[in-house]
Amino acid sequence: MPDGVRCMVMRGGTSKGAYFVADELPDDPDERDLLLAAVMGSPDPRQIDGIGGAHPLTSKVAVVSPSSVADVDVDYLFLQVGVDDGSVSDQQNCGNLLAGVGQFAVERRLIAASGDRAQVRIRMVNSDSVATATFPLEADRPAYDGDTAISGVPGTAAEVRLDFEDTAGSTCGALLPSGAVADVIDGVEATCIDNGMPTVVLRAADLGIAGDEAPAALEADQQLTERLEAVRLQAGELMNLGDVSSATVPKMSLVSDPRAGGSICTRTFIPHRCHDAIGVLGAVSVATALRLPGGVGSELLRFGADPEVVQIEHPTGTFAARVELAESPAGPVVGRSGIVRTARKLFDGLVFPKSPAIPSSGSPGGSA
Ligand code: NQM
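Throughout the sequence shown, residue numbering follows my numbering, covering 6 to 373 in sequence.
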């Protein structure tokens with residue numbers, strides 16, 4: 006593509022990614038994925054010849070198009086580009102890049118917006134579920150400046166409110182895909198849950214760690230990472246995900262007593278790197294697991310003034326996740342969930358990927 010490809014780089018929440026309009030990318034998914042790997046500079050641990058940031062949280066792509074679904078404005082396909090292996094995976098959602106999708110859709114005139122606030126209904130193609138993004142406008146364009154701070158991002162920006170519907174079981178088919186609120190996997194108690202992100206919740210203490218260690222220290226603990234991977238591979242089967250050895254899900258979240266006035270302390274592997282914060286739908290899934298009676302780690306949860314809000318401590322601060330839970334004769338039923346993020350346009354223009362090598366067979370799976 007000697008003339009380059011139209012691309013906007015945005016920070017969405019605590020992640021950063023390249024946003025494209027779908028019809029400005031190749032139609033063929035294999036061709037598209039090769040192009041996107043080249044855009045990011047993968048495979049290469051430094052992504053030196055592309056625009057990726059050499060970490061799964063900065064090697065992400067959003068593909069956006071007008072939606073043909075009733076009551077929905079745009080479709081958003083999330084693609085995770087593997088840093089080291091050049092894989093491109095659509096197996097998971099990303100609630101952080103989602104935070105920029107509404108603004109991107111207005112920027113690219115995929116939808117018309119007027120007044121002082123936009124409300125954009127977004128279908129998350131990866132899981133076929135819908136989220137509503139609400140954010141301020143100025144002269145009919147997204148307003149990026151504001152006074153909302155989120156942990157893990159310096160300073161403040163305009164609030165993007167995200168409300169999720171129908172996230173329970175969106176990837177695994179059920180909120181509790183193993184059929185139990187707690188399982189024993191490889192000798193460790195775990196809650197396998199999917200409220201928008203397949204996640205395994207474990208007690209940090211059960212794995213012999215305090216739970217508030219720095220991500221780099223946890224990644225360097227080979228005994229821990231091997232144990233986690235052994236549990237994850239078995240959890241994948243229990244969660245209807247099959248062989249997850251090269252998949253980016255399930256995520257592994259280790260919970261312990263809160264240390265900073267929140268409801269719970271977390272360290273989350275996504276699944277091989279330890280997150281500097283926590284993913285959006287990952288946080289919603291962890292909050293849901295902890296609010297279920299019998300959920301692993303639920304006994305550690307400290308409620309604040311609003312019992313629907315779980316303040317999740319993570320390595321760079323706290324993330325508030327609101328999850329509605331109703332009682333029914335068949336057990337708790339998950340309702341809507343809501344969170345607050347910020348997002349910013351960083352760059353708009355053309356990206357010039359290196360000509361990708363043509364693979365001998367298909368595109369590989371994913372890993373993070
Ligand atoms: O869970 C990281 C992130 C994510 C995903 C990951 C996310 C989510 O922080 O919705 O946002 O878990 O891979 O961007």
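The beta-carbon is built from N, C-alpha and C at its ideal position, and this holds for glycine as well.
Residue i: first and last residue of the uninterrupted beta strand (DSSP E) it sits in
i           : result
residue 169 : 164-169
residue 258 : 256-261
residue 331 : 322-331
residue 356 : 338-356
residue 80  : 79-86
residue 11  : 10-17
residue 22  : 20-26
residue 1   : Shown here, the chain extends from 6 to 373; a query on residue 1 therefore has no answer.
Buried or exposed (CB count within 10 angstroms, at least 16 for buried), residue i
i           : result
residue 19  : buried
residue 358 : buried
residue 3   : The chain is shown only over 6 to 373; residue 3 falls outside these bounds and no answer can be derived.
residue 29  : exposed
residue 70  : buried
residue 365 : Caution applies to residue 365, whose pLDDT of 45 falls short of 50 and renders its modelled position unreliable; the value that the coordinates give is listed next. By the 10 Å Cβ count, residue 365 comes out exposed.
residue 189 : exposed
residue 175 : buried
residue 307 : exposed
residue 93  : buried
residue 286 : buried
residue 215 : exposed
residue 298 : exposed
residue 300 : buried
residue 328 : buried
residue 74  : exposed
residue 107 : buried
residue 395 : Since the first residue shown for the chain is 6 and the last is 373, residue 395 is missing from the structure and cannot be characterised.
Delimiting residues of the alpha helix (DSSP H) encompassing residue i
i           : result
residue 232 : 227-243
residue 38  : 34-45
residue 313 : Element bounds for residue 313: n/a, residue is neither H nor E.
residue 286 : 285-296
residue 71  : No alpha helix (DSSP H) holds residue 71; the beta strand (DSSP E) holding it covers 65-71.
residue 223 : 220-224
Point to revise | Within the region 106-164, ranges of the beta strand (DSSP E) (whole runs, at least 3 residues) | key: Runs of the beta strand (DSSP E) inside the region 106-164: 122-129, 134-143.
Practice item. Assess, as a yes-or-no matter, whether the region 164-174 is touched by the region 129-136 under the definition of 3 or more beta carbon pairs within less than 8 angstroms. Key: Below 8 angstroms, enough C-beta pairs join the region 129-136 and the region 164-174 to call them touching: three or more.
Check your understanding: Counting Cβ pairs, one atom from each stretch, are 3 or more of them under 8 angstroms apart for the region 197-205 and the region 281-292?
Key -> The region 197-205 is in contact with the region 281-292.
Point to revise | Given 8 angstroms, three or more beta-carbon pairs between the region 279-286 and the region 309-316 | key: Output reads no: the region 309-316 does not touch the region 279-286.
Practice item. Could you tell me whether the region 110-130 touches the region 71-79, using the rule of 3 or more Cβ pairs below 8 angstroms? Key: Contact holds between the region 110-130 and the region 71-79, because three or more Cβ pairs, one in each stretch, are under 8 angstroms apart.
Review point. Are there three or more Cβ pairs, one per stretch, closer than 8 angstroms when the region 84-96 is compared with the region 47-67?
Key: With the cut-off at 8 angstroms, the region 84-96 and the region 47-67 touch.
Review point. Given 8 angstroms as the limit, is there contact between the region 139-148 and the region 107-127, that is, 3 or more CB pairs closer than that?
Key: Judged by pairs of C-beta atoms under 8 angstroms, the region 139-148 touches the region 107-127, as three or more such pairs exist.
Check your understanding: Using 8 angstroms as the Cβ pair cut-off and three pairs as the minimum, do the region 222-230 and the region 245-254 touch?
Key -> The region 222-230 is not in contact with the region 245-254.
Check your understanding: Whole alpha helix (DSSP H) runs in the region 174-201 with 4 or more residues, listed along the chain?
Key -> Secondary structure in the region 174-201: no alpha helix (DSSP H) run of 4 residues or longer lies completely within the stretch.
Practice item. Flag this pair as touching only if the region 149-160 and the region 327-341 have three or more C-beta atom pairs under 8 angstroms; answer yes or no. Key: Segments in contact, no.
Practice item. Count the CB pairs spanning the region 182-196 and the region 259-276 that are closer than 8 angstroms, and state whether there are at least three. Key: The answer is no - the region 259-276 does not touch the region 182-196, with fewer than three Cβ pairs under 8 angstroms.
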